[in-house]
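Read the structure below first, then the notes.
Chains as they are written, first to last, in the UniProt record's numbering: chain S, 1 to 458; chain L, 1 to 458.
Okay, here's the thing in structure tokens:
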């Protein structure tokens, strides 16, 4: 049976592009989810075209083989962690930037393209794809699956706002095209938006039309320490309302700041006495097409931060700024290296961040667990590293934190997705009417249920 | 039977809020679709709460009564034109701005709130809801149904980009809440985005969380005549790429400009010889929080427009600028008064606008039909007034124009929706695989099929 399936799959992609059994390397057994056990998939197929993907799904349907899509495997929720009896479809060969279209300000890319590759290609045209989820080896297809966000979302939005169209293969093996090189459309249900963030449970994406923005020539990063977190969070809506339109608006708690500056061997010029008195930091990124305007804006921002209670304001020079942003982007790796047992990214209304963080820390404190972090302050997206060895206690702690986020009008995840890691919590906390509705929608795309079972809903 | 249904519906909303038979005023028989025959609905119910809407839908399900939602009745595609045997749910009593939340930069509103009311309320807080589809008596609920756009979409996006959450009642009578006061979320399928633009066929929206932006203090409008349309359209990507970030980027053809300036009795200061030599105009709106920057940007824009072949550049003073924008917003009424037989709003990739317009005009020319217009040049959204009396010839002409738009990678409608008016064309031109998928999705929300039959899909 397994041999038969392998042979059928090899017919579709060619024997050189189908691995099975012991020939499957360990790397395909996991993504970057911290808590899931690696599970080597039964088969790994590396298609080159949408038609091959459709062929794979037809074979999988016929044999009832669960299918998991994989881009670069950098996801944090286990949505690309395959089933032992399943087929992993790796998009590593579908990794071309097909076109950078300067007339329409879009790029057309295959799902396996990495963000660093896309960044290099769009830079040549003075344009940029503005979704920077930190890990630049991530693939555009993975971005689409998780609706990835990142630090620039406060100005440019998340993946959802920057993907205009898709080619995708339904669970039935049918190939569709959605959207286009257009930013508006009112002609039927928005299938593009429905597939974005669906974590491989509705369709396999085989082409992506992304929106590009002008790449602004001048940038600066401002660092402001605050004696307490409440002030940092109170400052955020004021900065947004100022019209200064920062590209980055992050808070970092003091423990996380100490960890990431230590790991990156980063000297930011903050005197010891200020650092010791600071519980939290705000990092503000600014960009402008004009250098004079940038400097004028930084001055306005500096004054505003002073009024809002910053202990001091540091305009970082190019080298330190880049290093700080990179170190912040690598906060996940720092947390992992420090022995974090899980990382989560609850999103709450911006104005509820202080209350949420207080509750999350108290929940940790009651269980002698560490709950520290940083986050996209402009978006209310709180990234927390959880230090709590006992899986049962941790499960209870996470449930309490997620429930608090949902109670405050937020959601379990702002950009990492639910995946396998948080499915149980999602099914417990989400409205059962919506869960049933989502299941019916899933069946519309994937009637047999072969697409990523165990992720999100089922 | 009809009396029984009326009695049951009256039980839900109160007898004072239920009209039936001859008591239904003519106004409820239509929206602003030009081609559909008015059809008085069997019943008009005016609910006050989501629970009452749910009650209405349960009665409708039980008796197999088709249900159409209506906001202000300003739609252009007949999506709010009811069925003679049907129930029209009018949201005129659910017209409150429930909250303007300055901490999270959102407003929470009922669907019957008009854009002018919302604009007044957000102005008090120095904020704005940036969707301006021209008709300010339009309702937010209607905006959501059609995914309304308007002139400011080139900078701020369309309804889809400015609605963060919904309360909605499914065809089953179940009430759900989607999204929230948050701009990013990756926790299940995006039901908010799925309902937006679904033209009342998936759910009835009973509450909307809209995103607000800072209201910028300084604005200006620049008018540039060009000798030919191709140059106007070639200028557009260059202006977008400049980083000047216009809030408005419209083209207006000479016939439409003559009609709207005549109707509005508007003197723009364009000398006769320039006007006579101009085939097309570009209108660029600029805004800034800082007056000096605005003036500097206008200077840069003026130079750029000169390089791009504008015959001249006029910076309109406050009064003329406002009148021109208002007159452009009322282009639909001008076209209607001029005897247009239909108005459409095909969207194509920006770079394909010239080719599309050439083809549309040629198709009109071959049939001795008039095809004139204006459009959201920054978005590729072409508004055309069609002058062609014979319904069969007009049908054929529209089909050819829509097919050309789809062929060029666009869609039948950018912001008006498909409604009843263009359903036949939509079903002919859209991929049958997607039509079937959308029908399955519709059944997920509305298993019995009571929601707006005859609109969009069915």
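We put the CB at the ideal spot given by N, CA and C, even for glycine.
Measure the beta-carbon distance from residue 197 of chain S to residue 186 of chain L and round it to whole angstroms, keeping in mind my assumption that it falls under 8 Å. In this structure residue 197 of chain S is in contact with residue 186 of chain L, their Cβ atoms being roughly 5 Å apart against a cut-off of 8 Å.
Assigned secondary structure, residue 193 of chain L (DSSP; H/G/I helix, E/B strand, else coil): Three-state DSSP puts residue 193 of chain L in a helix.
Less than 8 Å between CB atoms is the rule here; does residue 22 of chain S satisfy it with respect to chain L? When Cβ-Cβ separations below 8 Å define contact, residue 22 of chain S makes no contact with chain L.
On the DSSP letters alone, give me the boundaries of the alpha helix (DSSP H) that residue 383 of chain S sits inside. Looking at the DSSP string, residue 383 of chain S is not in any alpha helix (DSSP H); the run it does join, the beta strand (DSSP E), is 381–387.
On a CA-only basis, which of L:436, L:422, L:341, L:419 is nearest residue 391 of chain L? Give me that one, please. Out of L:436, L:422, L:341, L:419, L:341 has the C-alpha closest to the C-alpha of residue 391 of chain L.
Check distances from the C-beta atoms of the segment 213–226 of chain L to those of chain S and list, in chain order, the residues that come in under 8 Å. The segment 213–226 of chain L vs chain S, Cβ under 8 Å: 214, 216.
If you follow the beta strand (DSSP E) that residue 70 of chain S is in, where does it begin and where does it stop? Counting along the chain, the beta strand (DSSP E) containing residue 70 of chain S begins and ends at 67–70.
Listed by chain order, chain L residues near residue 350 of chain S by CB distance under 7 Å: Within chain L, the residues whose beta carbon sits less than 7 Å from that of residue 350 of chain S are 103, 104, listed in sequence order.
Short Cβ contact (8 Å threshold) for residue 372 of chain L with residue 327 of chain L: No. Outside cutoff.
Measure how close the beta-carbons of residue 345 of chain S and residue 399 of chain S come, nearest whole angstrom, since I'm counting them as under 8 Å. 16 Å between Cβ atoms; not a contact.
How close, in whole Å, do the beta carbons of residue 108 of chain L and residue 209 of chain L come, if the pair is a contact with beta carbons under 8 Å? Going by Cβ atoms, the distance from residue 108 of chain L to residue 209 of chain L rounds to 5 Å, so yes, they are a contact pair.
Beta carbon proximity, residue 308 of chain S to chain L, threshold 8 Å: It does not: the Cβ of residue 308 of chain S has no partner Cβ on chain L nearer than 8 Å.
Taking a cut of 9 Å between CB atoms, which residues from the segment 137–149 of chain L lie near chain S? Listed by position along the chain: 146, 147, 148, 149.
So is residue 256 of chain S in contact with chain L if we call contact Cβ pairs under 8 Å? No, residue 256 of chain S does not count as interfacial toward chain L.
Using a Cβ cut-off of 8 Å, pull out every chain S residue sitting near residue 412 of chain L, in sequence order please. Those are 187, listed as they occur along chain S.
Shorter than 8 Å from the beta carbon of residue 133 of chain L to some beta carbon of chain S? Not one beta carbon of chain S lies nearer than 8 Å to the beta carbon of residue 133 of chain L.
Residue 265 of chain L, buried or exposed, once every other Cβ within 10 Å from all chains shown has been counted against 16: So residue 265 of chain L counts as exposed.
Whose Cβ in chain S lies nearer than 9 Å to the Cβ of residue 440 of chain L? Using a Cβ-Cβ cut-off of 9 Å, residue 440 of chain L is close to 440, 441, 443, 444, 445, 447 of chain S, given in chain order.
Best match in L:80, L:8, L:18 for proximity to residue 453 of chain L [C-alpha to C-alpha]: Of the candidates L:80, L:8, L:18, the one whose C-alpha sits nearest the C-alpha of residue 453 of chain L is L:80.
Any C-beta of chain S sitting closer than 8 Å to the C-beta of residue 198 of chain L? Yes - at least one Cβ of chain S is within 8 Å of the one on residue 198 of chain L.
Nearest chain S C-beta to residue 293 of chain L closer than 8 Å, yes or no? Taking Cβ atoms only, chain S reaches closer than 8 Å to residue 293 of chain L, which makes this a yes.
Residue 193 of chain L: contacting residues in chain S (beta-carbon distance under 8 Å): Within 8 Å Cβ-Cβ: 160, 190, 193, 194.
Is the CB of residue 416 of chain S under 8 Å away from at least one CB in chain L? Taking Cβ atoms only, chain L reaches closer than 8 Å to residue 416 of chain S, which makes this a yes.
Taking the alpha carbon of residue 88 of chain L as the reference point, which residue from L:101, L:218, L:67, L:76 has its own alpha carbon closest? Comparing alpha carbon positions, the residue from L:101, L:218, L:67, L:76 closest to residue 88 of chain L is L:67.
If I measure Cβ to Cβ from residue 382 of chain S and keep anything under 6 Å in the same chain, skipping five residues before and after, which residues do I get? Around residue 382 of chain S: 346, 375.
Is residue 446 of chain L near residue 193 of chain S, with beta carbons less than 8 Å apart? Result no, Cβ atoms of residue 446 of chain L and residue 193 of chain S do not sit closer than 8 Å.
Could I get the ranges of all uninterrupted alpha helix (DSSP H) runs contained in the segment 6–36 of chain S, with 4 residues as the minimum, in chain order? Those alpha helix (DSSP H) runs which fall completely within the segment 6–36 of chain S and span 4+ residues do not exist here.
Is the CB of residue 241 of chain L under 8 Å away from at least one CB in chain S? So yes, residue 241 of chain L belongs to the interface.
With 7 Å as the limit, tell me which residues of the segment 368–396 of chain L have their beta carbon closer than that to any beta carbon of chain S; keep them in chain order. Considering only beta carbons, the part of the segment 368–396 of chain L lying closer than 7 Å to chain S consists of 379, 380, 381, in chain order.
Using the three-state DSSP reduction, which class does residue 105 of chain L fall into: helix, strand or coil? In the three-state DSSP reduction, residue 105 of chain L falls in the coil class, being neither helix nor strand.
In three-state terms, what does DSSP make of residue 226 of chain S? It is a strand residue.
Extent of the continuous alpha helix (DSSP H) run through residue 63 of chain L: 50–63 is the extent of the alpha helix (DSSP H) around residue 63 of chain L.
Of the listed residues L:171, L:362, L:213, L:139, nearest to residue 152 of chain L (C-alpha basis): Residue L:213 is the option with its Cα nearest to residue 152 of chain L.
Quick one: which chain L residues come within Cβ less than 7 Å of residue 174 of chain S? Within chain L, the residues near residue 174 of chain S are 433.
Quick one: using the 10 Å Cβ neighbour count with 16 as the cut-off for buried, is residue 184 of chain L buried or exposed? Buried: at least 16 other Cβ atoms inside 10 Å.
Residue 232 of chain L vs residue 294 of chain L beta-carbon contact at 8 Å: Taking 8 Å as the Cβ cut-off, residue 232 of chain L and residue 294 of chain L do not qualify as a contacting pair.
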